[in-house]
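A.B. asks:
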Amino acid sequence: MSLIPLPPSLVPFLANYLPNGSRCNRPFVTLTWAQSLDSRIAAAPGTQTVISHLETKTMTHYLRANHDAILVGIGTVLADDPKLSCRYHGGPNGGRIRPVVVDPNGKWKYASSTLHKICQQGDGLAPYIVTNTNTRYSQEDMAVVEAQGGKILHIDFKDSSLANWETIFRALHLENINSVMVEGGAVVINQLLQSSLVDSVVVTVGPVFLGKNGVEVSPRLGVKLQDVKWWNGVQDAVMAARLA
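If you want the working numbering, it's the 1-based position in the sequence shown plus 2.
#1: Select from Tyr-139, Val-204, Ile-72 the residue whose C-alpha is nearest the C-alpha of Leu-245.
#2: Can you say whether Ser-11 is buried or exposed, counting buried as having 16 or more other CB atoms within 10 angstroms of its CB?
#3: State the CB to CB distance for the pair Asp-68 and Gly-97, rounded to an integer number of angstroms; the pair is presumed to be in contact (CB under 8 Å).
#4: What residue does the alpha helix (DSSP H) around Leu-195 start on, and which one ends it?
#5: So Gly-223 is in the alpha helix (DSSP H); what residue range does that whole segment cover?
#6: The alpha helix (DSSP H) that contains Ser-163, what's its start and end?
#7: At which residues does the beta strand (DSSP E) containing Gln-37 begin and terminate?
#8: Quick one: is Leu-39 buried, meaning 16 or more other Cβ sit within 10 Å of its Cβ, or exposed?
#9: For the alpha helix (DSSP H) containing Val-1, list its first residue and its last residue.
#10: Contact between the stretch 71 to 79 and the stretch 186 to 195: three or more CB pairs below 8 Å?
#11: Rounding to the nearest angstrom, what Cα-Cα distance links Ile-53 and Gln-196 in this structure?
#12: Applying the criterion that 16 or more other CB atoms from any shown protein chain within 10 Å of the CB defines a buried residue, is Cys-26 buried or exposed?
#13: Should Arg-138 be labelled buried (16 or more other beta-carbon atoms within 10 Å of its own) or exposed?
#14: Could you tell me the distance, in whole angstroms, from the CA atom of Val-147 to the CA atom of His-118?
#15: Report back the beta-carbon spacing between Asn-180 and Asp-70 to the nearest angstrom; my notes put them in contact at under 8 Å.
#16: Could you pull out every unbroken beta strand (DSSP E) segment of at least 3 residues lying fully inside the stretch 67 to 125, listed in chain order?
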């Protein structure tokens, strides 16, 4: 399905929150997600839930067009089998964004994924898969990923999520990735909200309650935001901010 036009007012609204160069030893990091009014990103664990309007879906692809890479955790990949591609072709990356999947324990079967099919068709880039140093990825998946121009990046995962994210972003920076758009899932979002590694936060809020069984975005400790701006669309509200 093609994207509807990007609302023109979103361009100046987002301008100050877009990547403006990499940081010391890491990329510029944008954390973004769509949530319900009760801070849920899915109706239940392991399910895909539509929350946002078509115009904010176009906004998501506009944001992707302004980043070098899009990063998700393995939970999101297993639940959604996402395309992790960019269908907005007016940005700096020309619609070519590098998928990054954080899969410490080698759970993803890339060869049977939707992303693999998209790469076969020439409609996207092969992923960089971040996995633990002692994880043995299947030979089939390694061969397919590397044949399509992707990579398996081994890092030494620690007990500290902050240390792990610092190592992940440093590894991506060494691969000449200067900006990363992080889209989930909830574990990834909650961990990064507690870090000092996020440069911009863009949150879409849809007019729906998903209930207590939904997957919640709520970091362990309180987080303050600054430089907060709001945009109102046909259905959704979008908040752009920085971590204080």
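Where is the CB? At the ideal position from N, CA and C, for every residue including glycine.
These figures come from a predicted structure and were not determined experimentally.
C.D. replies: In this structure, then:
#1: Sequence index remark: in the sequence shown, residue 245 carries index 243 (1-based). Closest option to Leu-245, Cα to Cα, is Val-204.
#2: For the purposes of this step, residue 11 is taken as the residue at position 9 of the sequence shown. Ser-11 comes out exposed.
#3: Taking the sequence shown and counting its residues from 1, one reaches residue 68 at position 66. Taking the sequence shown and counting its residues from 1, one reaches residue 97 at position 95. Correcting the residue type first, residue 68 is Asn in the shown sequence and not Asp. With 8 Å as the limit, Asn-68 and Gly-97 do not qualify as a contact, their Cβ atoms being about 11 Å apart.
#4: Indexing the sequence shown from 1 puts residue 195 at position 193. Segment 188 to 195, the alpha helix (DSSP H) holding Leu-195.
#5: Locating residue 223 in the sequence shown gives position 221, where the first residue counts as 1. According to the sequence as given, residue 223 is Leu; it is not Gly. Run containing Leu-223: none; DSSP gives neither H nor E here.
#6: Residue mapping note: residue 163 aligns to position 161 of the sequence shown, counting from 1. Residues 163 to 176.
#7: For the purposes of this step, residue 37 is identified with residue 35 of the sequence shown, where counting begins at 1. Residue range 30 to 37 is occupied by the beta strand (DSSP E) that includes Gln-37.
#8: The residue you call residue 39 lines up with position 37 of the sequence shown. Flag for Leu-39 reads exposed.
#9: Not covered by the structure: residue 1. The range shown for the chain is 3 to 246.
#10: yes
#11: Numbered from 1 along the sequence shown, position 51 holds the residue referred to as residue 53. Numbered from 1 along the sequence shown, position 194 holds the residue referred to as residue 196. Each residue's Cα considered, the two are about 24 Å apart.
#12: Reading the sequence shown from its first residue, position 24 is the one you call residue 26. Classification for Cys-26: exposed.
#13: In the sequence shown, residue 138 corresponds to position 136, counting from 1. Arg-138 should be labelled exposed.
#14: Numbered from its first residue, the sequence shown carries residue 147 at position 145. Numbered from its first residue, the sequence shown carries residue 118 at position 116. Each residue's alpha carbon lies about 8 Å from the other.
#15: The sequence position of residue 180 within the sequence shown is 178, counting from 1. The sequence position of residue 70 within the sequence shown is 68, counting from 1. With a Cβ gap of about 6 Å, Asn-180 and Asp-70 count as contacting.
#16: 71 to 75, 100 to 104
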